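Worksheet: the structure to be examined is printed underneath.
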Amino acid sequence: MTPQVSVRYQQIGDAQRFFGILSNPKFIYFPVTVSSLEDEMAYLSITEEKRKSNFEHNFSILLHNIIVGGIGIKVNQHDTFIGEAGYFIDEQYHGRGIASRALDIISERAAGDMNIRRLELIIHPENTASIRVAEKNGFSREGLLQKRMRIEDTYHDALIFGKSLHHVTAGGAL
Ligand SMILES: CC(C)(COP(=O)(O)OP(=O)(O)OC[C@H]1O[C@@H](n2cnc3c(N)ncnc32)[C@H](O)[C@@H]1OP(=O)(O)O)[C@@H](O)C(=O)NCCC(=O)NCCS
Numbered sequence: 001m002t003p004q005v006s007v008r009y010q011q012i013g014d015a016q017r018f019f020g021i022l023s024n025p026k027f028i029y030f031p032v033t034v035s036s037l038e039d040e041m042a043y044l045s046i047t048e049e050k051r052k053s054n055f056e057h058n059f060s061i062l063l064h065n066i067i068v069g070g071i072g073i074k075v076n077q078h079d080t081f082i083g084e085a086g087y088f089i090d091e092q093y094h095g096r097g098i099a100s101r102a103l104d105i106i107s108e109r110a111a112g113d114m115n116i117r118r119l120e121l122i123i124h125p126e127n128t129a130s131i132r133v134a135e136k137n138g139f140s141r142e143g144l145l146q147k148r149m150r151i152e153d154t155y156h157d158a159l160i161f162g163k164s165l166h167h168v169t170a171g172g173a174l
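Residue numbers for the sequence shown follow the working numbering, so the first one is 1 and each next one is one higher.
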């Protein structure tokens, strides 16, 4: 059964919850640049500005109104029809289809308001759960990119998954 998942824009008040979720030492394939609650607050304090400049669109993922994770899209600043999505879910809520549902919701918003036609996922080859999320959402594995992911001070090759999105207007798909 599809879980009751919704998304809303991130807010500064989400900092503590995000910091708690992301401080999980098992999240080894998710490059996090935030190392303190203050950093997380600083990150969230510019989220609206980044959204308004069409740089990054970040959302909190809610399950029955409780924050269980985050998902965002970075817009390619040279080709704004391309976006890269990233996501994380509180470990306590893993395996319930929440990331897959959130990615589905966000893909629709990307195709609509954000005018994105190609959505990418960059995934560490050993991040089996995230690869599964990509596959379940109809992304195609397009190749292995060399040194595409930086985790602390090490550079890793990473898989690229892509999906073509169709902009839907009142007149139909474009
Ligand atoms: C990746 C992540 C977001 C997935 O969240 P989730 O809500 O558990 O995802 P879903 O429940 O939608 O799907 C996960 C799928 O992976 C599968 N899975 C999970 N761990 C697995 C493993 N070690 N081996 C094989 N499959 C695995 C689950 O069974 C499920 O597939 P299924 O529906 O066919 O059973 C979560 O693991 C996470 O937050 N990881 C840390 C952050 C991260 O790596 N983010 C992605 C960066 S690209």
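Note that beta-carbon positions come from the ideal geometry of N, C-alpha and C, so glycine has one too. In this text the structure is predicted, and so the values were computed from the model without any measurement.
Exposed is the label assigned to GLY13, since fewer than 16 other Cβ atoms lie within 10 Å of its Cβ. When DSSP assignments are scanned along the segment 27-67, the uninterrupted stretches of beta strand (DSSP E) that are 3 or more residues long and fall wholly within it turn out to be 56-63. Residue nearest to GLU91 within the set ALA85, GLU84, VAL68, ALA110 is VAL68 (criterion: CA-CA distance).
In this chain, the alpha helix (DSSP H) harbouring LEU22 covers 15-22. Scanning GLU152, ASN127, SER36, GLY70 for the CA closest to the CA of TYR93 turns up GLY70.
Not a single heavy atom of ligand 1 lies less than 7 Å from the C-beta of HIS167. Between ASN24 and GLY83, the alpha-carbon positions lie close to 26 Å from each other. Short note on LYS136: C-beta closer than 7 Å to some heavy atom of ligand 1.
In this structure, ASN65 has its beta carbon at no less than 7 Å from each heavy atom of ligand 1.
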